[in-house]
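Asker: Pasting a structure below so you can have a look.
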Amino acid sequence: MRVIELLDGERARVEMGGVEKTVSLTLVDGVAAGDYVIVHVGFAITRLDAVEAKKTLALFAEIADRLNIDLKLESGDEVHQ
Amino acid sequence: MKYISEFRDRRAAQALSAVLATEANPAREYHLMEFCGGHTHAIFRYGVQDLLPPNVRLVHGPGCPVCVLPVSRLDLAIELAERHDVILCSYGDMLRVPGSRKRSLLKSRALGRDVRMVDSCTEALTIARAHPDKEIVFFAIGFETTTPPTAVAIREADRLGLANFSVYCNHVLTPSAIRSILDADDVRRLGLVRVDGFIGPSHVSTIIGSRPYEHFAREYRRPVVIAGFEPLDVLQAVRMLVRQLNEGRAEVENQFTRGVTREGNVKAQALVAEVFELRRLFEWRGLGPVPYSGLRIKKKYAAFDAETRFALVEKPVPENKACECGAIIRGVKKPTDCKIFGTACTPSNPIGSCMVSPEGACSAYYRYRRQLLDRRPAAEPATATG
């Protein structure tokens, strides 16, 4: 889920697919607005590493390319890190 | 939706499926266990098994927190809920699991007891502050992912001096459960279950990291690939396992690099270590007593331990004879091997825990594979609805 803004008391407002909620940031240090976090039972449990996510997607694209399967993945350029 | 929909792309799935078909050796079988119920759910929801070559089989593991909790532990929660001074809070799935004598937390609530479904343990703290005249008990279940939030809640209760809050702790550990599967007679002696490699859990591993699996990958010579919860993640992890097995390797690899590191979430680990300690033995439904597989609250925080506060004593409970949950959790039987699957036992009227949670194998089979089952010969009764 994407962090929209940080709130007091180690909390943040996060969003996914238009649904917003408030989660605790107690378990993850240094989260900033624009970061992606993985949320479980109301807590951010880790930051999602956008660079690694792109590498994984690039690997899928490469496999598809090799097989000539047309694969249009979003570039993810607009992602804040 | 960022970093979700891309990992569900149909064309990439076709590509991975095609590559896998060329890489899997037709002369051998690959039996891969997905430990985590989150993976079981994703595999059924997206039909991942249908994208695999026929000699690559997925075996469903015990990683569904609701499924592995023994009835005797649930009964204690129901006992707590029966008390007039208690408000019992828990995650949603737990409320529907049948206890002994056809009781459940949901039925207790229907009978006027105060049982509340929460999405987060911090809601239980809020309820405790709002009801100083009541005892608020948080019924805590789950693997390493749900444990750190419970630790946070206990520390917060301590800081606030919330004397009316306590936790009934049923947190369990993934690596001990995997070891117990490999040590079980079913695998070692009887050969009833064959597990060549493991798809490691994604969310659990964000907390514990990939390191805890290294020891047993070496000791048991089984490869482990930690995978994300999306269908492309699972496909890619299967491919990585097939490659390891082809090359005779048994290593820990990480497919879910966007969320998991070798060290894991050190801050969360420290919080858990501060509040919890290992139980010498903890009972699992299906697996039986597993050494050092469960956590309890440390003496330092004993004031928040519901088992101490209410002097809870477990009583042995016989399992429902017709229900095959135990064997299904161990991977020995499939849901369709159970006589009451889809007839007496359905998601709307579950007999066993595997039918309750969406992460349970029976529930996943029922939701996503029922059409296939309905194509069984006409002599067999069609699956009951509702």
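Chain order of the listed sequences is A and B. So that you can map any letter, position 57 of the first sequence is 57 in our numbering, and since no number is skipped, the others follow by simple counting. Quick note, our numbering runs 1000 ahead of the 1-based positions in the second sequence. C-beta atoms are modelled at their ideal positions from N, C-alpha and C, and glycine is treated no differently.
1) If you check the beta carbons only, do T56/A and R1159/B fall under 9 Å apart?
2) Residues in its own chain within less than 7 Å of G1099/B by CB, not counting five upstream and five downstream?
3) Taking 9 Å as the CB-CB limit, is E5/A close to chain B?
4) Just to confirm, are Y1366/B and T1346/B a CB contact at a threshold of 9 Å?
5) Grab me the residues of G1142/B's own chain with a C-beta within less than 7 Å of its C-beta, minus the 5 sequence neighbours each way, in chain order.
6) Within a Cβ cutoff of 7 Å, which residues of the same chain sit near V1097/B, ignoring the five residues on either side of it in sequence?
7) Which class does F1310/B belong to by DSSP, given the choice of helix, strand or coil?
8) Mind listing which residues of the region 1082 to 1101 of chain B have their C-beta closer than 8 Å to chain A's C-betas, in chain order?
9) Under 9 Å between the Cβ atoms of P1335/B and E1324/B?
10) Which residues mark the beginning and the end of the alpha helix (DSSP H) in which V1066/B is found?
11) Please list, in chain order, the chain B residues whose beta carbon lies closer than 7 Å to that of E52/A.
12) Answer with yes or no whether the minimum CB distance from V28/A to chain B is below 9 Å.
13) Thinking C-beta only, is E1307/B closer than 9 Å to C1169/B?
14) Under 9 Å between C-beta atoms, does A61/A make it to chain B?
15) Using a Cβ-Cβ cut-off of 9 Å, state whether V41/A counts as contacting chain B.
16) If I measure Cβ to Cβ from R1135/B and keep anything under 6 Å in the same chain, skipping five residues before and after, which residues do I get?
17) From A1128/B to Q1269/B, what distance separates their C-alpha atoms?
18) Distance cutoff 9 Å, beta carbons only. Does A64/A sit that close to anything in chain B?
19) I'd like to know whether the C-beta atoms of T1040/B and E1359/B end up nearer to each other than 9 Å.
20) With distances taken Cα to Cα, identify the nearest neighbour of Q1236/B among L1016/B, D1186/B, A1217/B and N1349/B.
21) Does any residue of chain B bring its CB to less than 9 Å from the CB of D8/A?
22) Taking 9 Å as the CB-CB limit, is D49/A close to chain B?
23) Who does Y1168/B pair with in a DSSP beta bridge?
24) Since L67/A meets chain B, which of its residues come closer than 9 Å, beta carbon to beta carbon?
25) Can you name the start and end residues of the beta strand (DSSP E) that F1276/B belongs to?
26) Going by beta carbon distance, what residues of the same chain come within less than 7 Å of L1192/B, once the five residues before and after it are set aside?
27) Of all the CB atoms in chain A, is at least one closer than 9 Å to the CB of T1146/B?
28) Which one of R1296/B, F1229/B, A1364/B and V1059/B has the shortest CA to CA distance from E1006/B?
29) Could you name the residues of chain A that A1119/B contacts, counting a contact when the two beta carbons are closer than 8 Å?
30) Runs of 3 residues minimum, wholly inside the region 1095 to 1123 of chain B: which ones carry the beta strand (DSSP E) assignment?
31) Grab me the residues of A33/A's own chain with a C-beta within less than 7 Å of its C-beta, minus the 5 sequence neighbours each way, in chain order.
32) What I want to know is whether the C-beta of V51/A ends up closer than 8 Å to one or more non-hydrogen atoms of the ligand SAH.
33) Assuming I1329/B and V1056/B make a contact with CB atoms under 8 Å, what is their CB distance in whole Å?
34) Less than 7 Å between C-beta atoms, sequence neighbours within five positions excluded: which residues of the same chain meet that for D8/A?
35) In chain A, what lies closer than 9 Å to N1265/B by C-beta?
36) Kindly indicate if chain C contains any beta-carbon less than 9 Å away from that of G1161/B.
Answerer: In terms of the structure at hand:
1) The residue labelled residue 56/A in the question sits at position 56 within the first sequence. The residue labelled residue 1159/B in the question sits at position 159 within the second sequence. No, these two residues do not count as a Cβ contact at 9 Å.
2) Sequence index remark: in the second sequence, residue 1099/B carries index 99 (1-based). So the qualifying residues of the chain are V1071, L1074, D1075 and I1078.
3) Residue numbering aside, residue 5/A sits at position 5 when the first sequence is read from its first letter. It does not: the Cβ of E5/A has no partner Cβ on chain B nearer than 9 Å.
4) Here the question's residue 1366/B lines up with position 366 in the second sequence. Here the question's residue 1346/B lines up with position 346 in the second sequence. Against a cut-off of 9 Å, the Cβ pair of T1346/B and Y1366/B comes out as a contact.
5) Translated into positions along the second sequence, residue 1142/B becomes position 142. The answer, listed in chain order, is P1065 and H1171.
6) Position 97 of the second sequence holds residue 1097/B. Once the five neighbours on either side are set aside, the close Cβ partners of V1097/B are V1066, L1074, S1104, S1353 and V1356.
7) As a first step, residue 1310/B is located in the second sequence; it is residue number 310 there, counting from the start. Looking at F1310/B - three-state DSSP - the assignment turns out to be coil, as it is neither helix nor strand.
8) Y1091
9) Within the second sequence, numbered from 1, the residue matching residue 1335/B stands at position 335. Within the second sequence, numbered from 1, the residue matching residue 1324/B stands at position 324. For P1335/B and E1324/B, yes; Cβs fall inside 9 Å.
10) The count along the second sequence starts at 1 and reaches residue 1066/B at position 66. V1066/B: member of the alpha helix (DSSP H) spanning P1065 to V1068, first to last residue.
11) By 1-based counting over the first sequence, the position of residue 52/A is 52. Going along chain B in sequence order, the residues near E52/A (Cβ under 7 Å) are T1257 and R1258.
12) As a first step, residue 28/A is located in the first sequence; it is residue number 28 there, counting from the start. Yes, contact with chain B.
13) Mapped onto the second sequence, residue 1169/B falls at position 169. Mapped onto the second sequence, residue 1307/B falls at position 307. Cβ atoms of C1169/B and E1307/B: closer than 9 Å.
14) Sequence index remark: in the first sequence, residue 61/A carries index 61 (1-based). Yes, its Cβ sits closer than 9 Å to a Cβ of chain B.
15) Locating residue 41/A in the first sequence gives position 41, counting from the first residue. Output row for V41/A: interface = yes.
16) What you label residue 1135/B is simply residue 135 of the second sequence in a count that begins at 1. Reading the sequence as shown, one finds Glu at residue 1135/B and not Arg. Within the same chain, E1135/B has close Cβ partners D1085, V1086 and N1164.
17) The residue labelled residue 1128/B in the question sits at position 128 within the second sequence. The residue labelled residue 1269/B in the question sits at position 269 within the second sequence. Roughly 26 Å between the two C-alpha positions.
18) Sequence index remark: in the first sequence, residue 64/A carries index 64 (1-based). So, interface residue.
19) Looking up residue 1040/B in the second sequence gives position 40. Looking up residue 1359/B in the second sequence gives position 359. Result yes, Cβ atoms of T1040/B and E1359/B sit closer than 9 Å.
20) Counting from 1 along the second sequence, the entry for residue 1236/B is found at position 236. For Q1236/B, the nearest C-alpha among the options comes from L1016/B.
21) If you number the first sequence from 1, residue 8/A lands on position 8. D8/A is outside the set of residues whose beta carbon lies under 9 Å from a beta carbon in chain B.
22) For the purposes of this step, residue 49/A is taken as the residue at position 49 of the first sequence. So yes, D49/A belongs to the interface.
23) For the purposes of this step, residue 1168/B is taken as residue 168 along the second sequence, with counting starting at 1. Partner(s): F1139/B.
24) To locate residue 67/A, count along the first sequence from 1; it is residue 67. Those are Q1014, A1015, A1018 and V1019, listed as they occur along chain B.
25) As a first step, residue 1276/B is located in the second sequence; it is residue number 276 there, counting from the start. F1276 to L1278 is the span of the beta strand (DSSP E), which, as asked, contains F1276/B.
26) Your numbering for residue 1192/B matches position 192 in the second sequence. Correct list, in chain order: D1186 and V1332.
27) Walking along the second sequence from the start, residue 1146/B turns up at place 146. Cβ-Cβ to chain A under 9 Å: yes for T1146/B.
28) Numbered from 1 along the second sequence, position 6 holds the residue referred to as residue 1006/B. Selected option, being the one with the closest Cα: F1229/B.
29) Here residue 1119/B is taken as the residue at index 119 of the second sequence, counted from 1. In the sequence as displayed, the identity of residue 1119/B is Asp instead of Ala. Going along chain A in sequence order, the residues near D1119/B (Cβ under 8 Å) are V41 and G42.
30) 1114 to 1117
31) Sequence index remark: in the first sequence, residue 33/A carries index 33 (1-based). Counting only Cβ-Cβ distances below 7 Å, and skipping sequence neighbours, we find V3, I4, E5 and L6.
32) Inclusion of the ligand SAH in the displayed structure is not the case, the ligand content being empty and no account of it being possible.
33) Residue 1329/B sits at position 329 when you count from the first residue of the second sequence. Residue 1056/B sits at position 56 when you count from the first residue of the second sequence. Between V1056/B and I1329/B the Cβ distance is about 22 Å, and since that is not below 8 Å, they are no contact.
34) Your numbering for residue 8/A matches position 8 in the first sequence. If we look at D8/A and ignore the five residues flanking it on each side, it has no Cβ neighbours.
35) Here residue 1265/B refers to the residue found at position 265 of the second sequence. By Cβ distance, chain A contributes L27, V28, I45 and T46.
36) Here the protein chains are A and B, and chain C is not one of them.
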